[in-house]
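Engineer: Structure below; questions to follow.
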Amino acid sequence: MTSLCKQYYQVFLAQGILLGVSMSLIFCPPVAVVSRRMPHRRGLALGLTIGGSSIGGIIWPIMLEQLLNKRQLGFGWTMRVVAFTMAPLLAFACITVVDAPAPQASLSPIHAASDGDEKGTTSSDDEIQSKSKANYSILKNKTFILLCGGLALGYFGLFTPVFFVTGFGVQHGLSTSTAFYLLSGLNGASFLGRVIPGFLADRYGHFNLCMLATLAAGIVGFCWTAATSLPGLAVWSLAYGFSSGAIMSLQGACVGKIAHHRHQGLAVGFMMGSIAVTALVGPPISGQILAHAGYLALSMWTGATLVVGAAILAAARWRLNSSVTATV
Numbered sequence: 001m002t003s004l005c006k007q008y009y010q011v012f013l014a015q016g017i018l019l020g021v022s023m024s025l026i027f028c029p030p031v032a033v034v035s036r037r038m039p040h041r042r043g044l045a046l047g048l049t050i051g052g053s054s055i056g057g058i059i060w061p062i063m064l065e066q067l068l069n070k071r072q073l074g075f076g077w078t079m080r081v082v083a084f085t086m087a088p089l090l091a092f093a094c095i096t097v098v099d100a101p102a103p104q105a106s107l108s109p110i111h112a113a114s115d116g117d118e119k120g121t122t123s124s125d126d127e128i129q130s131k132s133k134a135n136y137s138i139l140k141n142k143t144f145i146l147l148c149g150g151l152a153l154g155y156f157g158l159f160t161p162v163f164f165v166t167g168f169g170v171q172h173g174l175s176t177s178t179a180f181y182l183l184s185g186l187n188g189a190s191f192l193g194r195v196i197p198g199f200l201a202d203r204y205g206h207f208n209l210c211m212l213a214t215l216a217a218g219i220v221g222f223c224w225t226a227a228t229s230l231p232g233l234a235v236w237s238l239a240y241g242f243s244s245g246a247i248m249s250l251q252g253a254c255v256g257k258i259a260h261h262r263h264q265g266l267a268v269g270f271m272m273g274s275i276a277v278t279a280l281v282g283p284p285i286s287g288q289i290l291a292h293a294g295y296l297a298l299s300m301w302t303g304a305t306l307v308v309g310a311a312i313l314a315a316a317r318w319r320l321n322s323s324v325t326a327t328v
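Numbering (UniProt numbering), first residue to last: 1 to 328.
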């Protein structure tokens, strides 16, 4: 549909609304299903699952640059080639999504941070309570609220470098084509950031690694404008891609530790909805900051949102277990 658009409102309807709704329907169910099916290897499983989008983040920018600028194919046919390539891949992904059977009682998630004196396992009374009541109880869980709040705040600035690192490179003397590949490098590092920390989180704690990854991304964000050469920007892009990628894979794993296995779909959907709002308004805010104050202020905005978000995630982690050395 986007390939046929001629006016702005058509692009908004096709690329903005239709694609946005489609992506949410494609992305959220697999995250919930994988989290339910592999509770003992949740971090690694989600890292591999979500890491696929990073591979796409490497391929699609290069593909678009080649089709538009090298092959001179034009916008319309470039979008059609992308659609023809994407359709069978998405069809295969949808076919392979199979819901998980109910796990044993020993696999119940952590509920220690809920109101009251709940412990690490779900009681039999929770199993027989009505679905409608149990479904929305997660929305009253203070740990879950803190998790969503910390992630949502971090997402205000998380995608800022994705939109503006290319322009920053051009401003510092890189050619347009060279600066364009910074984004592919960032996405390539994001794949490793989604898989490796996910693997480590299964051993050292999903909340622990998510909190540290958010803090690391914030620190790297503060250092953005210190990289002004091609080697510096390449290293910075790799560092930011790795740390920010870890956030995206571990956020679902953190939800899986809190939500009951039957209701992880709702919990993942609510978490994704909360970060979708800030991820939507974050880049326009970043654009206004850049227009009025420059890249230094933009890097401060990126770093500050992530560091404060990490602090809120630390509060959520503390509610689950106040021991500094605990695996949470």
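Using N, Cα and C, we set each Cβ at its ideal position, and we do this for glycine too.
Per the contact definition of three or more C-beta pairs closer than 8 Å, is the segment 249 to 264 in contact with the segment 294 to 307?
Structural biologist: The segment 294 to 307, when compared against the segment 249 to 264, does not touch it at the 8 Å Cβ threshold.
Engineer: Quick one: give me the first and last residue of the alpha helix (DSSP H) that Q171 is part of.
Structural biologist: Where Q171 is concerned, the enclosing alpha helix (DSSP H) stretches over 160 to 171.
Engineer: Would you mind giving the Cβ-Cβ distance between I28 and G269, rounded to the nearest angstrom? I have them listed as a contact below 8 Å.
Structural biologist: Sequence inspection shows Cys at residue 28; the Ile mentioned does not correspond to that position. Rounded, the Cβ-Cβ distance is 5 Å, consistent with contact.
Engineer: Using only alpha-carbon positions, find the residue among I17, Y9, F168, G43 that is nearest to G193.
Structural biologist: Of the listed residues, the one whose Cα sits closest to G193 is G43.
Engineer: To the nearest angstrom, how far is the alpha carbon of I26 from that of G52?
Structural biologist: Spanning the two alpha carbons is a distance of roughly 13 Å.
Engineer: Does the beta-carbon of Q66 have 16 or more other beta-carbons within 10 angstroms, so that it is buried, or is it exposed?
Structural biologist: Exposed: under 16 other Cβ atoms inside 10 Å.
Engineer: With a CB to CB cut of under 8 Å and the five nearest residues on each side skipped, what residues in its chain are close to A311?
Structural biologist: Once the five neighbours on either side are set aside, the close Cβ partners of A311 are G150.
Engineer: I need the straight-line Cα distance from R319 to N208, nearest angstrom please.
Structural biologist: Going from the Cα of R319 to the Cα of N208 covers about 12 Å.
Engineer: Any idea what DSSP makes of Q10, helix, strand or coil?
Structural biologist: Helix.
Engineer: Does H206 pass the burial test, meaning 16 or more other C-beta atoms within 10 Å, or should it be called exposed?
Structural biologist: Buried, since its Cβ has 16 or more Cβ neighbours within 10 Å.
Engineer: Relative to the C-alpha of V328, which residue among G287, F159, K257 is closest?
Structural biologist: Ranking G287, F159, K257 by Cα distance to V328 puts K257 first.
Engineer: S184 and A213 look like a contact to me (Cβ under 8 Å); what is the Cβ gap, rounded to whole Å?
Structural biologist: Contact doesn't hold; Cβ gap of about 21 Å is too wide.
Engineer: Please say whether G154 and I219 have beta carbons closer to each other than 8 Å?
Structural biologist: It is not a contact, given that the beta carbons lie outside the stated cut-off.
Engineer: So for L230, helix, strand or coil by DSSP?
Structural biologist: Residue state, collapsed to three classes: helix.
Engineer: Within its chain, find whatever has a CB closer than 6 Å to the CB of A152; leave out the 5 residues flanking it on each side and keep chain order.
Structural biologist: Taken in chain order, the residues that qualify are S274, I275, T278.
Engineer: Looking only at its own chain, which residues have a Cβ that is under 7 Å from the Cβ of P61, when we skip the five neighbours before and after it?
Structural biologist: Around P61: F180, L183, S184.
Engineer: According to the neighbour-count rule (16 or more other Cβ atoms, all chains shown, within 10 Å of its Cβ), is D117 buried or exposed?
Structural biologist: Caution applies to D117, whose pLDDT of 40 falls short of 50 and renders its modelled position unreliable; the model cannot decide the point.
Engineer: If you draw a straight line from the C-alpha of L325 to the C-alpha of A201, how long is it?
Structural biologist: The identity of residue 325 in the sequence shown is Thr, whereas the question assumes Leu. Distance between the alpha carbons of T325 and A201: 14 Å.
Engineer: Return yes when the Cβ of R37 is within less than 8 Å of the Cβ of P264, no when it is not.
Structural biologist: The residue you asked about is not Pro; residue 264 is Gln in the sequence shown. In this structure, R37 does not lie closer than 8 Å to Q264 by Cβ.
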